[in-house]
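The numbers in the sequence shown follow our numbering, run straight up by one, and end at 525.
Here the structure comes first, spelled out in structure tokens, and everything after it is commentary.
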Amino acid sequence: MNSKVQFRIFTVVDLDKEEEYLHEMHLKGWRYRTSRFGFFYFEQCQPDDVIYHIYDTRHLKKYKHELQNFKNSGWELLETGFCSILHKSSSDILPEDQVYMTNGLRWEVMCSRLRSCTAAFSGGLVVCMSLFREDLSMSFFIIFVLYACLISYLIYGSFRLKRKYQVDEK
């Protein structure tokens with residue numbers, strides 16, 4: 356069986372884009388196997404309209420019944436790690452599957468991931484700011500700028516997703 360490797364980088368705020376990418380690859384006849392450090396491994400298959408969903412593994416561990424509900428509904432768990440990747444043929448999607456695809460649930464999971472990432476990057480930013488002094492080299496300033504860019508990207512991504520999921524906080 357033929358296999359294919361492609362390099363793509365998706366961040367925590369790009370999981371929706373990653374799902375679309377995996378869906379498009381399956382439409383082209385490449386079934387997702389695994390991914391490591393931005394390298395996506397595919398095996399050749401018959402082109403099919405398959406829906407992919409990426410969930411935070413921490414969320415599924417916290418609500419173990421949800422993973423069992425996915426499996427009972429015919430979703431196949433492809434990979435667990437930082438994220439759990441599930442897929443199911445779009446022709447097999449049932450009305451009760453829409454519960455797992457609601458924008459409110461996706462936003463809730465995304466907020467959890469964004470909080471932890473923002474806390475980690477902000478902590479690193481504070482360390483860089485405390486280490487940056489005039490007598491130190493420019494490398495600390497460069498690291499400071501990189502952290503600021505990462506935090507800005509997280510903020511931009513969160514607003515993009517909030518707009519996409521049209522979540523109104525009350």
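Virtual Cβ for every residue (Gly too), placed ideally from N, Cα, C.
Residue environment, residue 493, which counts as buried when at least 16 other CB atoms sit within 10 Å:
Here residue 493 refers to the residue found at position 138 when the sequence shown is read from its first residue. With fewer than 16 Cβ atoms within 10 Å of its Cβ, residue 493 is classed as exposed.
Boundaries of the alpha helix (DSSP H) in which residue 518 is found, first to last residue
Locating residue 518 in the sequence shown gives position 163, counting from the first residue. Per DSSP, residue 518 belongs to the alpha helix (DSSP H) from 493-520.
One question on the structure: do residue 373 and residue 388 come within less than 9 Å of each other, judged by their Cβ atoms?
The count along the sequence shown starts at 1 and reaches residue 373 at position 18. The count along the sequence shown starts at 1 and reaches residue 388 at position 33. Contact flag unset, no.
If we count the other Cβ atoms within 10 Å of its Cβ and call it buried at 16 or more, is residue 504 buried or exposed?
Position 149 of the sequence shown, counting from 1, holds the residue named residue 504. Classification of residue 504: exposed, given that the 10 Å Cβ count is below 16.
By Cβ distance, which residues of its chain are closer than 7 Å to residue 429, with the 5 residues on each side in sequence left out?
As a first step, residue 429 is located in the sequence shown; it is residue number 74 there, counting from the start. Cβ within range, chain order: 443, 447.
7 Å Cβ shell around residue 378 - same chain, five flanking residues per side excluded
Translated into positions along the sequence shown, residue 378 becomes position 23. Cβ within range, chain order: 405, 406, 407.
Just reading off the beta strand (DSSP E) that residue 392 is part of, what are its end residues?
For the purposes of this step, residue 392 is taken as residue 37 along the sequence shown, with counting starting at 1. Taken as a continuous stretch (DSSP letters only), residue 392 belongs to no beta strand (DSSP E), as it is neither H nor E.
Taking 8 Å as the limit between beta carbons, can you name the residues of its chain near residue 426, skipping five residues before and five after?
Sequence index remark: in the sequence shown, residue 426 carries index 71 (1-based). Same-chain partners within the cutoff: 432.
Which of the three DSSP states, helix, strand or coil, is assigned to residue 525?
Residue numbering aside, residue 525 sits at position 170 when the sequence shown is read from its first letter. In this prediction, residue 525 has a pLDDT of 46, which is less than 50 and means its spatial position is unreliable; nothing more can be read from the coordinates.
Could you give the residue range of the beta strand (DSSP E) that holds residue 361?
For the purposes of this step, residue 361 is taken as residue 6 along the sequence shown, with counting starting at 1. First-last of the beta strand (DSSP E) with residue 361: 358-362.
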